[in-house]
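Quick note on this note's numbering: the sequence shown kicks off at 110 and runs consecutively.
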Amino acid sequence: MDAPREVFALDIGTRKIAGILVEQRGDSCQIQAAAVEEQAPGAMVDGQIHDVTQVAKTIAIVRDRLTAATGKELTQVAVAAAGRSLVTADGGVQRSLLLSEPITRELVTALELEAVDAAVRQLAQDAQRESYLCVGYHVRESRLDGQRLASLIGQRGRRAQIDVIATLLPRIVVDSLRSALGLAGLQMASITLEPNAAINVIVPPSMRRLNLALVDIGAGTSDIAVTRESKVLGFGMVPVAGDEVTGAIADAFLLDFSVAERVKRQLEAGPINCQDVVGNELELLPEQVQEAAAPAVDKLAAAIAQVILQLNGGRPQAVLCIGGGSLTTALIDALSRHLELPANRIGIRDRDSIPHVKGCPEFTGPMTITPIGIAMAALQNQALQAVPVRINGTSHQLLQLARRTVRDILLAAGFSPKQLFGLPGPSLAIEVNGHPVVVPGTLGEPAPIQVNGQPADLHTQIHPHDEITIGPARAGSAPTVLVKDLVKDDGARKCFTINGERREFAPQALVNGEVVGPDHRLQDGDQVTTQGMIKTVADLLMELGYEAVATFPYTIDDVEHYWQAEPEVFVNGRRAVPATTLASGDEISIRPRSDKPTLSMVAARLGLADVSITVDFNGQAVTLTNPALTRLRVNGESIHQDRELQAHDRLEVLEPRPFIVNDIFRFVSFDPPKKGGSLKIKVNGQAGGFTTPIDQGDSITITFG
C-alpha cells in the first residue's frame, strides 16, 4: 500500500484566507485540519495582493492554527493564482540554412526557444521580457522551405520556420505570492489556477464532455471557466463579486462595511439588529435589504453572464457556482434571467460534491471547493511544481510541471536563446549575374552544460536540488563560399557542330571583372559574372565574336532605326533568330552577314507573323492565310520579300487586314455552274457578299438558285 501523502494548501482570497491540511491514503483524502481567517481591509484588491505584510500576517495566523490543531510543522504550501493570470502568446522564428548541412536536434531546440522568446516579447511589448514567467510551450507548426513537416530533425533545406504557443504567468502574480509566503516562513511548493483547481474536484472527466460554466464568486472577483468537449475552453474574470452587494447594503443603510457584510450573511435568518455609522439602532427586515441589494445583484449577474456568453460563444448547458459570493440572495435567479437558462440549470456546489474527501465536517459550504481543489491538484501532480535548483551557483525556485528538462528550467529562469546558443556567423552578400545571393554563416555552438558535474544537454531530466552549470556559448563564423558553390556548369557545357566543325563551349567565372577558377574563395560584396553561357543564338554569336554593326539608317512608321547586320543562322536546318534557344548537339550553320537587309529579314526582326483563320466553306474546312509581308510597305509600295532595302527607305507596318469572303477563292477551286441561276452568299446563315468580313470558325455557303 502506498505511503500516505500530506499537503498544506492555502486559498488566498480577497476577503478571506482558507488553509487546510490534507492527507491522501489510496483513493480517499482526509482533511486533518482547516482554518479560515479574514483579511485585513485593503490587503488584497480584486484578487491581487496590495499589502504583502498584512497578507503574510494572516497567512501566518492560518498556518499557526493548523499547526496547533495537528502538532505538525508546516513549511511547504500549495497555492493558486486567479485563472485570468494565465496567458498564452504566439511566437515564430525563421532562419536561413545551408542546404548541405542536415538539421540537428540542437538547432530545432534553438529555434523553438527563439520562437518562445519572440512570443514573450510580443506579449510584453514595451515591458521587459522578465515581466512574464514561461511555464511551458507547444510547437504549433514546423516548416521547411514553406512545406509543413512533423519534424525538422535530419531534413535539409534553405529556410526553416517554427511557430509556438507559449503559456505564461505574469511575474508580479507569482512574486507577490512568494513574498507573502516568505514573510510568513513558508515556501511555495506548487501553484495552480483557481478555476482549474475547482474543476478538478467539481467536474470529473466523465462530466467534461458537457458544456459547463464554473463560476467562483469571491469577495472582489468572480473567476469563470468554461468546459466543453472534454477540455477547458478558456478562463475569464469579472472585477465584481460579493463586495459589490455588501457595498450596496452599506450605502443604503449607512453601515460600516463589516456590519454590512454581517447583514448580508444573516439575511435568511429574519430581522437583523445593527447600528449605523451615526449611532442609530436599526432593525432591518430581509425584504428591505433585498430591495436595496437588488441593483448590485443584477449588475453582478449581468457581468458574469456576459463573460460566460463571450467565452462559450452562447449559452452553456449548465452553470456551477462556488465561492462564498454564490450564496448571495437572489443571485441564482438573476443569473437564470440573464443567461436565459432555467433556474434548475444553475446550482451551488459544496463539499457534498466531493464524497471522497472526508474530515472536518464543520469546514463546509461552497467556499471550501477551491482550497480542496488546490490540495488535490498538488497531490495528483497537476499543479506547477516549485523546483529548487542551483544555476551557476545561484539558487532558484522555478515553476515547472512534473517532468522537467534543462531546457525547461533555463527557460523558466529567464535565460535567453542567445545565452544558450551561439549566434550564427555573419552572412555573405554576393551578387551573381546581377542577382543578390545571401549565404548564411555557420551555426554557433551551444553553451556547454553540466548537471551535478556530469556532461549534459538541454534535454537532460532535472530533479529537485540539482546543480546546473552552464558556460558561454560560442558564435558561428562566416561561411566559406567558393565560386563553384554558386556557379554550376552542370548543363552549361555544350557541344555544337558549327559549319561542319564540332566545337565545345564551357562557361568562365569572373569575380569583380577578373577571371578566376572554380576554387576561388568569395568575399562579402563580391560581384560574380559568367561568360560563355551559351543558351541562345545571340549568346553563341557573341562568343564567336560576331558583333552587330550599324550599316545604314531606315525608318519604320516615321521612327529612325539602324540595321544591325548579323549573319544568317540556321539551327538543324531551320532559320533561327537571336532568341532561338540552343541545345547541346545542335547542328548550326552560320552564313556571312549581309550589309543590306531584305524585306523578309526586317519582318523577322520585327517579329511579324502570318495571320491565319479556319472557316467552313460549303461543308469543307478551309484555312486562309495573310502573309506577314503583306503588312509592310516600302516608300508607300509593296515590294518582293527578297528585295534589299536601301539607305533611308521608309517602311510602314499596316494593321492586319481582315479576311473577307473573296479571300476564300485564293485557297479553293470554285466552279460556278455554266448556266442560269443567281448567286447566293450566306455567312453564318445571314445574307452576305464578296466583301463581307469573316472570322475564325465562321460558316460560309455559296449556292446558285
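Just so it is clear, CB atoms sit at the ideal spot from N, CA and C, and this is done for glycine as well.
{"query": "Three-state secondary structure assigned by DSSP to S339", "result": "coil"}
{"query": "One or two residues paired with F605 in a DSSP bridge", "result": "R612"}
{"query": "For D160, the three-state DSSP class (helix, strand or coil)", "result": "coil"}
{"query": "Spatially closest choice to K166 from V496, G294, V273 and V498, by CA coordinates", "result": "G294"}
{"query": "C-beta contact flag for V225 and A322 at 8 Å", "result": "no"}
{"query": "Beta-carbon separation (whole angstroms), S808 vs N793, contact threshold 8 Å", "result": "5 Å"}
{"query": "Within the region 467-536, ranges of the alpha helix (DSSP H) (whole runs, at least 4 residues)", "result": "478-488, 515-521 and 526-529"}
{"query": "Distance between P545 and N561 (C-alpha atoms, nearest Å)", "result": "49 Å"}
{"query": "Local conformation of T197 per DSSP, three classes", "result": "strand"}
{"query": "Simplified DSSP assignment, three categories, for M651", "result": "helix"}
{"query": "Exposure label - Q270; buried when at least 16 CB within 10 Å", "result": "buried"}
{"query": "Straight-line Cα distance separating S205 from G549", "result": "In the sequence under discussion, the amino acid at residue 549 is Pro, which differs from the Gly named in the question. Going from the Cα of P549 to the Cα of S205 covers about 6 Å."}
{"query": "L567 vs R516 beta-carbon contact at 8 Å", "result": "yes"}
{"query": "Cβ shell of E677 (< 6 Å), same chain only, five flanking positions each side left out", "result": "R700"}
{"query": "Span of the alpha helix (DSSP H) around M710", "result": "L708 to L715"}
{"query": "Per DSSP, the bridge partner or partners of F813", "result": "L788"}
{"query": "Per-residue burial, S299 [other beta carbons within 10 Å of its own, 16 or more giving buried]", "result": "buried"}
{"query": "Neighbour-count burial assignment, S209, 16 or more Cβ in a 10 Å radius", "result": "exposed"}
{"query": "Beta carbon of I769 nearer than 8 Å to that of V731", "result": "no"}
{"query": "Under the three-state DSSP convention, the category Q632 falls into", "result": "coil"}
{"query": "Inter-stretch contact (C-beta, 8 Å, three-pair minimum) for the region 527-542 and the region 552-560", "result": "yes"}
{"query": "For V547: DSSP bridge partner residues", "result": "A538"}
{"query": "Contact check, L537 vs V590, beta carbons under 8 Å", "result": "yes"}
{"query": "Helix, strand or coil at E764 [DSSP, three-state]", "result": "coil"}
{"query": "Of the listed residues L448, V398, T723 and K125, nearest to G422 (C-alpha basis)", "result": "L448"}
{"query": "Bounding residues of the beta strand (DSSP E) (the contiguous stretch that carries L429)", "result": "A427 to I431"}
{"query": "Beta-carbon proximity check, A142 vs A178, cutoff 8 Å", "result": "yes"}
{"query": "Anticipated Cβ contact below 8 Å, I311 with V341, distance rounded", "result": "About 13 Å separates the two Cβ atoms, so there is no contact after all."}
{"query": "Spatial distance of D648 from G682 (CA atoms)", "result": "19 Å"}
{"query": "Alpha helix (DSSP H) segment containing R280, residue limits", "result": "R280 to L292"}
{"query": "Neighbour-count burial assignment, E623, 16 or more Cβ in a 10 Å radius", "result": "exposed"}
{"query": "Residues near E445 in its chain [Cβ-Cβ closer than 6 Å; skip 5 each side]", "result": "The residue asked about is misnamed: residue 445 is Ser in this sequence, not Glu. Within the same chain, S445 has close Cβ partners A452 and I455."}
{"query": "Beta-carbon proximity of A357 to F366, cut-off 8 Å", "result": "no"}
{"query": "Euclidean distance between Cα positions of S435 and A369", "result": "17 Å"}
{"query": "Reference P564, options H574, T578, H572 and P573, closest by Cα", "result": "T578"}
{"query": "Spatial neighbours of P475 in its chain, beta-carbon cut-off 8 Å, leaving aside the 5 residues before and after", "result": "C430, I431, G432, G433, S435, L436, I457, R458 and D459"}
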